[in-house]
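Each residue of the sequence shown is one higher than the one before, starting from 1 at the first, in the UniProt record's numbering.
By construction, the Cβ of each residue, glycine as well, lies at the ideal position given by its N, Cα and C atoms.
Report on one structure; see the data block that follows.
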Amino acid sequence: MLTEFQHLSKPQVAQLVELIQKIVKAVHPNKVICYGARMNTTSQWNSFMKDNKYMTEERPAYDLLIITNNDEKQLDHEIIESAEIQAAKLGCDVTSLVQSIGNANKSLENGNRFFSTVYRNGVLLYDADKLPLSAPPAEPAIEVLIDTISNDWKKGFELAQCFFKKAIYCNENAWYEQTTFDLHQAAQHACMCMLRMYSGYRSNTHNLSRLLSLIKNFSPAPSDVFPCTTKEEISIYNTLNKAYSDARYNENYQVTAEKAQLLIGRVRALLSIAQQLYQERLLCLKSDLAIQLPVSDLNVDI
């Protein structure tokens, strides 16, 4: 596990140290590991700005694995929310995953791809007990990894496509609330596929905001499908994000034909991006394969 950053500026490292100090004080974790960092840049201009300037704002974002003690009483979502509150105070964003020390060690011993990668490449920011985590087994061969990713993708993405086709059928029959429910499921499973494909992390949350935030670790493109920069865009996104529960349990939940059609376009775009990211991931992995003779399906383009 790494203990220093190679890609962050000194101000970013200082901010991250302050953030970790606040998180430690708030939630008392066993360990905190950073497994991602990025700078989100927003640029804007309008006629009413002083001196007619073009403004650019940068906001750092960090991805953290918060490892708790086995007797931790706080719920995972409470720890996640607490970390987000501390980050907001410092003008940055944080996306956290929470795991107990016992479960983290089991995952490492079993060779879980996400935890093993974080163990090897993550930066240890806080260590309460100084006890090392379990060492994962050796990394699998590239051929094995490609096969695992491909099989997982096939099962998961076919389910996302199935829900999307159901949404189209419901829309054609003017069942717009059911349309948005199936669109939510299509989006959820597509996001779960992307997350597992790239990082090996398996999520079972129905919250699209949570899934999209986790995916930002390796791509902003899925989140860009739902920009949420205006009231109209926020309304469009909320209609989809709340569909999992509201379409079934909220008697006042209604979706217009126009909004259903709009959401179909958005989710279709999300599925297309997911497929593109998958293909790019496979190409990247295949490029790491050594030239082998005789040739196989994995090391030759057909």
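When DSSP reads this structure, GLY36 sits in a beta bridge with ASP63. Approximately 11 Å separates the beta-carbon atoms of SER96 and ILE67; this is outside 8 Å, ruling out the contact.
With a contact defined as Cβ atoms closer than 8 Å, THR180 and ALA243 qualify at about 4 Å.
In this chain, the beta strand (DSSP E) harbouring VAL123 covers 123–127.
Secondary-structure assignment with DSSP links LEU108 through no beta bridge to anything.
A distance below 8 Å between beta-carbons, with the five flanking residues on each side excluded, links ASP246 to the following residues of its chain, in chain order: TYR253. Under the 10 Å beta carbon count, CYS193 is surrounded by 16 or more other beta carbons and is classified as buried. Contact check for PHE164 and LEU271: beta-carbon distance about 6 Å, within the 8 Å limit, so the pair qualifies.
Beta-carbon to beta-carbon, ALA190 and PHE157 are separated by about 7 Å, close enough to satisfy the 8 Å threshold.
Per the Cβ contact rule, the stretch 23–30 is in contact with the stretch 83–94 (3 or more Cβ pairs under 8 Å). Of the candidates THR205, LEU75 and PRO220, PRO220 places its Cα closest to the Cα of ARG38. When the beta-carbon positions are compared, SER223 and PHE114 stay at least 8 Å from each other. For the pair GLN44 and PRO11, the Cα-to-Cα distance works out to about 24 Å. About 7 Å separates the CB atoms of ILE146 and LYS286; that is less than 8 Å, so the two are in contact. Residue burial annotation: VAL98 is buried, with at least 16 other C-beta atoms found within 10 angstroms of its C-beta.
The alpha carbon of ALA160 has as its nearest neighbour, out of ALA141, LEU183 and ALA174, the alpha carbon of LEU183. Taking 8 Å as the upper bound for CB-CB distance, ALA274 and TYR176 are not in contact here, some 24 Å apart. THR229 and LEU124 have their C-alpha atoms roughly 35 Å apart. For a cut-off of 8 Å, the C-beta gap from LEU108 to TYR119 is around 6 Å, short enough to register as a contact. Pairing SER116 with ASN70 gives a Cβ-Cβ distance that is not under 8 Å.
Contact between ILE215 and LEU195 holds: CB atoms are separated by about 6 Å, below the 8 Å threshold.
Of the candidates GLY102, ALA257, LEU133 and ASN110, the residue whose Cα lies closest to the Cα of GLN178 is ALA257.
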